[in-house]
Structures are given as C-alpha cells and as structure tokens.
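Going down the list, the sequences are from chains A and B. Per the numbering used here, the very first residue in the first sequence carries number 1298; after that it's consecutive. Per the numbering used here, the very first residue in the second sequence carries number 697; after that it's consecutive. Cβ atoms here follow ideal geometry from the backbone N, Cα and C, with glycine treated the same way. Just so it is clear, the structure is predicted and the values come from calculations on it, not from any experiment. Encoded as structure tokens, the structure appears first; notes follow it.
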Amino acid sequence: MTLLPQNPSKVKLGLVIDLDICVGCHACAVNCKEWNTSGKMAPLTDVDPYGAKPDGVWFNRVHTFEAVDEAAGTSRTVHFPRSCLHCDDAPCVTVCPTGASYKRDEDGIVLINTDICIGCKLCSWACPYGAREYDEDEGVMKKCTLCVDKIYNENLPPESRVPACVSTCPSGARSFGDLGDPDSDVSKLVAAREGYALMPEQGTKPVNRYLPPRPKKIGDEVAPRLLDHHDDSADGAGLLARWVDKILTV
Amino acid sequence: MHPAKSVIYFTTASGAGYGLMVWLAVMGAFGFIPADRPFGIVGFGLAFFLIISGLLSSTGHLGRPERAWRALSQWRSSWLSREGVAAILAFGPTGLYALGWVVLGQNTGPVGLIGIAGALMCLITVYFTSMIYASLKAIPAWSNRWTSLGYLLMALMSGAVLILVLQTIMGIGNSMVALKASVVLIALAGLVKLMYWRSLRNSEPESTTESATGLGKFGQVRMIESPHDEDNYLLKEMGFQIARRHTQKLKRFALAFGFIVPLALVAMISALGMPYALILSVSALISGIVGLVTERWLFFAEAKHVVTLYYNR
C-alpha cells in the first residue's frame, strides 16, 4: 500500500550524523554494502566491477563539500554521508504505482517489496535526496533498509542491533535511535547540537538529522608548536659523547 | 533528466492519439463529419494505434515489464497508477463510439453522447499523464502549473492537425472546423510553451546546495570530492547535461518546427484551397511531429533534478 501510514506510530527510527566528527573514511558506505548485499534487499548488484566504468547499487554515499565564506576569508571542508532519511512525508512512497514502496506503520522505516516492484524508477525521480538506486541486473529499485534485518535481530548481541553504518563508524559520527521520542539519546543530541533536516523546503519531513560542524576556533587559542623542541639533556656535547651517553643510558 | 525514448514516444504519440479521439468525438457528435465508414476505420484505427503503441512503449523502460499490471493498484496515491486506470477506462466509451460510427453508421445522438464521454475520459487520461511529472517537487521544471496545460493543449493541437490531414486527404466533412481549431490550438500551445520557458527562466531555485547540505551558514557550498569516480545510477538517470548546454538552440528549433511553421502552413490553407491544402496540411503535420518530439525531448532532458545539487551538476 503506497499510502503513508494512516495512524503512524510515535516511533520514528532514524540516524543522526555528526558532520563535525565524520572524517570521510567511507567505512559506513562499505559496511553498508557488505551487510546489505546479503540482507533484506540483497543483492546490491555491481555492474562491470573490475572494468573501465564500474557501477553498482550503494545505499550510502560519502561526499566531501567545501563551504567558503569569501568575506570572512574562511572555509570549511565537510565530509557528508548521504543516505535515505526515512521521511515522514515520503514522496517516493506515494508515487509508487504498484504498492511496492511502503512506510512501515510501527517504526516509520521506508522499504521496497522487490517482489512486486516493476522498476519504473518513478520513486527515484520523486526523492530529492538520491536515496533510491536502480538495480540494473534485477530490474527493480533498491534502498536503505535502516538494516531492518539487523536492528531487530535477536541472534545478535544487543550492542550490534544498530544499522551497519552505525556499528562500523570508527569516529562515532553516526547515532541510531528513536527520533520520535523527545527523551531518547538521539533526540537529546539533536537538541543540544541544533541538528537539522536536509532540504526542509521540499516538504518531505525527513526523520534523519545532521549535526553541523562546531564553530571553528580562531584567535588566541593556538596549538603549541611541537617542532620547536630539541633535546637539551646532553648539554651541547659532541657527537661521540652523545653516542656514549645513549649507550650507557640503556 | 535522462530522456528515455520510450517515454518521449509514449507522451507524444498517446497524446496525439487521445487528441485525435477527442476531435473524432466532437466533430462526429456535433455533425461536422458524417459517420462515413472508411473515414471511421482510418480515424479510429490511427487514434487507437497511437494510443495503444504509446501505452505499450511506456512499459518499455520498466525493469520488470511482465509485472506492469500491478501499476493499476495504487490509484489512491499515485498519478502513474491513476493514469493507467484512466487509460483503460477510456477504452470503454471510445471503443463503443468507434463501433457506433463504423458498424452502425451513427455518430450523433446517443452514440455522439458516448463519444463525448469518451473524449472527456481521453482528456482526463492526458491530464493524469501530465500530473505524473507535474507532481514531482524534486524536479522544479516539471512541478509548475504550465506542465499540465501544455500537455493538454499539445494533445488537442496534434489531434486537430491529424483530423485536418485526414479530412483533407479523404475529402470528408467540413474541414473548416478542424482548420480553425488547428490555428487556435497551435497558437495557444505555442504560447503556453513560451510561458513555461519564461517561468523556468524567472523562477528562483527553491533548493540549493546550501539547503541540500545545510552548510549554507559556513559560506558558499560546493562538492570537492565525489563519492565515486564513475557516474552512478543517479547521475546517469538525473544528471543529464547535454540539453542544458544547447537549450537555446533546441528551444528555437522546437518553437519553429512545432508551432510557427505549422501555424503558417495551416493558415495558408484557407487562402489557397485545394490542391495545395493537401501538401500544406501534411507538411504542417510533419513539421509538428519534428517540433513536438524535440519539445518533449527537451522537456525531459532540460529538467534538473535537485539531487544534482549534491554533485555540482
């Protein structure tokens, strides 16, 4: 059913991505591919993977942006992971003619039933964020599942029941939780850091939030110069004396 | 957007087919064309051929065409689904009207009423087709009020020129009505297309790379490293740039062949009469086809999807 949930639950599972911490290592994208190529929306087909023009389905793409303020003479480099935002008012769901696209009542995750998808690609046209990719090999659309097959998996230890991108992030830039609950850790994090939604003007009401880079420290707080230090323990002795000193110290 | 040939053919051909069907209904029901059997066979044959081949072609870009029937199920939310349902429902009254004309030799009275109902269904179908595109907010060039008006007028215009050509070739009925309708509709459709382009030129983009990334407060944002070296699905499907490079030339070409030349040729018919009418109307049709296909190619290829903001395209 491609109508949005009529009585949506208060639970809104989603991601919070901290652009201040992300180092742009692409581990989230790679682990996402690794988990999901054998997960619910498997396989994430690659076309011509070792050829001249490799292509393939990925649910997570890490861009790097530069924000330049000419007047202030400052610029920021920001690594920016882009994936499905599991929108409350998901246009990719309502345009679907077959009922393959749906938003789950219980937690708001947006999924595709690839068994009935006809591969018309209209959902990818409707999504402003480029969250949906077409699997040329299977002729159907694929998208981020928020690792629905991982987060509820009771065979995994509780700490592993988070999306693959979250569990793999080496810098802790990604958090997962219920953004519908104002008292959840992720909601508190968003409130504390003024997390924001992408392209709110598109009216899609994304669930995922991005945390902005923290203000740059400019001015008096200069880091100590580490290159200036020198070994003054040898009191200006010659090469041979310092060599003897080193041997005897061992 | 990537201009898929199947979708360009679908929208132009089925549009022309539905337009021709509307004019067959109007001209028949109001007595401008008698229920001539050969004319009915050729007219309905052409209309149904254009409609059906267009609809079939639209399934050509599907990844799983064998599942196309499923697209009829979500009419409550999806314009694509509504379009499919309307297209099938329209075959009822238009088919009955065609039978009334060809088999019973009647196209006025009750048969004419069925024809008018069919014409309405045809217009609704074209409107639903246009809404598939007009409802996509992520493609600002489509989600404006001119899109649907353009689709409807261009369908009616191609139908009017088609029925004018058929009437001229077969010498059936009073072709003055089709002639006047053609002149008015070509002029109107051309005007709407100009307004469409003007509104694209003058509209401020609602979404920017700054709003797409939320980094606007740090300055002007641009991508300095792409997530991938080669084009992915998003860039192949939505990062089409050729048309945007040649927009002005292609617009002039579409405007000239789609509207100005056909308008001049059709207007000359009333002055020159037969046998020039035949050459003029057929030339107007050929020019119109070239122009409208260019226009439709441009409609797709020129449209910029907001996802390209993430890629500096």
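What three-state label does DSSP hand residue i in the structure shown?
i: F1616/A; result: Not covered by the structure: residue 1616/A. The range shown for chain A is 1298 to 1547.
i: S1380/A; result: coil
i: Q937/B; result: coil
i: K1400/A; result: strand
i: V986/B; result: helix
i: M1438/A; result: strand
i: A1364/A; result: strand
i: R1009/B; result: coil
i: R1511/A; result: coil
i: V1375/A; result: strand
i: V1459/A; result: coil
i: Y1347/A; result: coil
i: Y1426/A; result: coil
i: Y705/B; result: helix
i: Y929/B; result: helix
i: Y1493/A; result: strand
i: N1333/A; result: helix
i: H757/B; result: helix
i: T1395/A; result: coil
i: N1452/A; result: coil
i: F728/B; result: coil
i: C1414/A; result: coil
i: G869/B; result: coil
i: K1000/B; result: coil
i: W838/B; result: coil
i: S979/B; result: helix
i: M970/B; result: coil
i: E991/B; result: helix
i: N1264/A; result: Outside the shown range of chain A, which is 1298 to 1547, sits residue 1264/A, and nothing can be said about it.
i: E1498/A; result: helix
Pull up the CB-CB distance for residue i and residue j, whole angstroms please, since I reckon it's below 8 angstroms.
i: A834/B; j: H1001/B; result: 6 angstroms
i: K1309/A; j: L1476/A; result: 5 angstroms
i: A939/B; j: E998/B; result: 5 angstroms
i: G750/B; j: G780/B; result: 12 angstroms between Cβ atoms; not a contact.
i: A1326/A; j: C1466/A; result: Not a contact, Cβ separation roughly 11 angstroms.
i: I859/B; j: L720/B; result: 7 angstroms
i: Y1007/B; j: S907/B; result: Not confirmed; about 15 angstroms, so no contact.
Beta-carbon separation of residue i and residue j under 9 angstroms?
i: D1385/A; j: L1508/A; result: no
i: S649/B; j: V1392/A; result: Since the first residue of chain B shown is 697 and the last is 1009, residue 649/B is not available in this structure.
i: V1344/A; j: D1434/A; result: yes
i: A1494/A; j: K1485/A; result: no
i: T755/B; j: A764/B; result: yes
i: M827/B; j: T1361/A; result: no
i: L852/B; j: V718/B; result: yes
i: P1548/A; j: A1488/A; result: The shown model of chain A, from 1298 to 1547, leaves out residue 1548/A, and the question about it has no answer.
i: I1409/A; j: K1439/A; result: yes
i: Y829/B; j: S753/B; result: no
i: P1425/A; j: Q1499/A; result: yes
i: F936/B; j: H757/B; result: no
i: G814/B; j: G855/B; result: no
i: G869/B; j: I729/B; result: yes
i: R760/B; j: G1416/A; result: yes
i: T1027/B; j: A877/B; result: What is shown of chain B runs 697 to 1009, which leaves residue 1027/B out entirely.
i: W676/B; j: Y793/B; result: Any property of residue 676/B remains undetermined from this structure, which presents chain B solely from 697 to 1009.
For the alpha helix (DSSP H) holding residue i, just list the boundary residues, first then last.
i: G791/B; result: 775 to 795
i: S753/B; result: 733 to 754
i: V879/B; result: 872 to 898
i: P806/B; result: 805 to 830
i: E906/B; result: 905 to 909
i: R766/B; result: No alpha helix (DSSP H) holds R766/B; DSSP gives it neither H nor E.
i: P699/B; result: From DSSP, P699/B is part of no alpha helix (DSSP H); its letter is neither H nor E.
i: A1387/A; result: Here A1387/A belongs to no alpha helix (DSSP H), and DSSP marks it neither H nor E.
i: Q802/B; result: Segment: none, Q802/B is in no alpha helix (DSSP H) and carries neither H nor E.
i: F953/B; result: Premise fails: F953/B is in no alpha helix (DSSP H) and is neither H nor E.
i: L1545/A; result: 1536 to 1546
Just curious, the beta strand (DSSP E) that residue i is in, first and last residue?
i: Y1431/A; result: 1429 to 1432
i: Q916/B; result: 916 to 921
i: G1474/A; result: 1471 to 1475
i: L1508/A; result: 1506 to 1508
i: D1315/A; result: 1310 to 1315
i: L1408/A; result: 1407 to 1409
Task: Inter-stretch contact at 8 angstroms, needing at least 3 Cβ pairs: the stretch 848 to 864 of chain B / the stretch 945 to 952 of chain B - done: Taking a contact to require three or more Cβ pairs closer than 8 angstroms, the stretch 848 to 864 of chain B and the stretch 945 to 952 of chain B do not qualify as touching.
Task: Given 8 angstroms, three or more beta-carbon pairs between the stretch 977 to 997 of chain B and the stretch 951 to 959 of chain B - done: Cβ pair count under 8 angstroms is three or more, so yes.
Task: Cβ contact (3+ pairs, closer than 8 angstroms) linking the stretch 1394 to 1414 of chain A and the stretch 1341 to 1359 of chain A - done: The stretch 1394 to 1414 of chain A makes no contact with the stretch 1341 to 1359 of chain A; the number of CB pairs closer than 8 angstroms stays below 3.
Task: Stretch pair the stretch 1323 to 1340 of chain A + the stretch 895 to 905 of chain B: three plus CB contacts closer than 8 angstroms - done: Counting Cβ pairs under 8 angstroms, fewer than three are found: no touch.
Open item on the list: Using 8 angstroms as the cut-off, can you tell me whether the stretch 1366 to 1376 of chain A makes contact with the stretch 1441 to 1459 of chain A, which would need three or more C-beta pairs spanning the two stretches below that distance?
Closed with: Touching, no.
Open item on the list: Beta carbons nearer than 8 angstroms to chain E: which residues of the stretch 937 to 950 of chain B have them?
Closed with: Any reference to chain E falls outside this structure, whose protein chains are A and B.
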